[in-house]
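What follows is one structure encoded as structure tokens, with my remarks underneath.
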Amino acid sequence: MSRTVVIRVGPVEQARREFKEDIATLARAGRVRHRREIWFANLAAAAKMLTEQRLALLRLICQQPPRSTADLARLARRSLKAVAADVRALERVGLIELVGAGQNQRPVAAYDRIHLAGDIALARAAA
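In the numbering used here, each residue carries its 1-based index in the sequence shown increased by 1.
See the structure below:
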């Protein structure tokens with residue numbers, strides 16, 4: 002089964018508007034469509050998070066599940082300090098989960114596919 006997350010790029014106002022629509026739907030219908038989305042305010046923020054090194058870590062986690070962050074660093078042939086920082090960043094935005102406790106935590110991919118979506122307005126919308 003494929004677990005796809007949609008990376009959305011758009012103004013914060015758009016994310017708020019969709020959130021309010023979901024709340025209204027929840028109040029009216031008692032449930033709302035589950036969205037697997039991560040929002041970034043602009044392309045620069047998305048690019049800063051989705052670096053080639055972080056995407057490589059995500060691929061490794063999916064293809065060769067590590068036993069720990071140290072194991073992931075070994076697989077990636079990168080320093081533990083750098084990989085640990087990237088793991089924390091990826092966990093913060095919800096792309097990975099840390100399973101286990103203490104030193105026994107292992108990174109697990111929350112998704113196996115990323116879909117990028119967004120609109121970039123080139124002109125102001127008519128009022």
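By construction, the Cβ of each residue, glycine as well, lies at the ideal position given by its N, Cα and C atoms. Just so you know, these numbers come straight off a predicted model, no measurement behind them.
Practice problem: Specify the secondary structure class of R39 as computed by DSSP and reduced to three states. | Solution: Sequence index remark: in the sequence shown, residue 39 carries index 38 (1-based). It should be pointed out that residue 39 corresponds to Ile in this sequence rather than to Arg. It is a strand residue.
Exercise. Would you check if there are 3 or more beta carbon pairs closer than 8 angstroms linking the region 53 to 70 to the region 102 to 113?
Key: yes
Quiz item: What is the DSSP secondary structure of V13, counted as helix, strand or coil?
Solution: As a first step, residue 13 is located in the sequence shown; it is residue number 12 there, counting from the start. If DSSP states are grouped into helix, strand and coil, V13 belongs with the helices.
Practice problem: Would you tell me roughly how many angstroms separate the C-alpha atoms of V7 and R17, rounded to the nearest one? | Solution: Locating residue 7 in the sequence shown gives position 6, counting from the first residue. Locating residue 17 in the sequence shown gives position 16, counting from the first residue. Whole-angstrom Cα-Cα distance: 17 angstroms.
Exercise. State the beta-bridge partners of R107 as determined by DSSP.
Key: The residue you call residue 107 lines up with position 106 of the sequence shown. For R107, which the question treats as bridged, DSSP gives the partners V100.
Quiz prompt | Beta-carbon spacing of A90, R55 below 8 angstroms | solution = Stepping through the sequence shown from its first residue, residue 90 is reached at position 89. Stepping through the sequence shown from its first residue, residue 55 is reached at position 54. Their beta carbons are under 8 angstroms apart, which means A90 touches R55 by this criterion.
Practice problem: Note down the Cα distance separating F41 from V84, rounded to an integer number of angstroms. | Solution: Position 40 of the sequence shown, counted from the first residue, corresponds to residue 41. Position 83 of the sequence shown, counted from the first residue, corresponds to residue 84. Using only the alpha carbons, I get a separation of about 22 angstroms.
Quiz prompt | Length of the line joining the Cα atoms of R75 and L81 | solution = For this step, residue 75 is matched to residue 74 along the sequence shown. For this step, residue 81 is matched to residue 80 along the sequence shown. Between R75 and L81, the C-alpha separation is close to 8 angstroms.
Quiz item: Under three-state DSSP, which class holds A25?
Solution: Within the sequence shown, numbered from 1, the residue matching residue 25 stands at position 24. In this structure, A25 counts as helix in the three-state DSSP scheme.
Quiz prompt | Cβ-based neighbour list, T5, same chain, cut-off 7 angstroms, excluding 5 preceding and 5 following | solution = Looking up residue 5 in the sequence shown gives position 4. Closer than 7 angstroms at the Cβ level, and outside the excluded window around T5, lie R37, Y112, R114 and H116.
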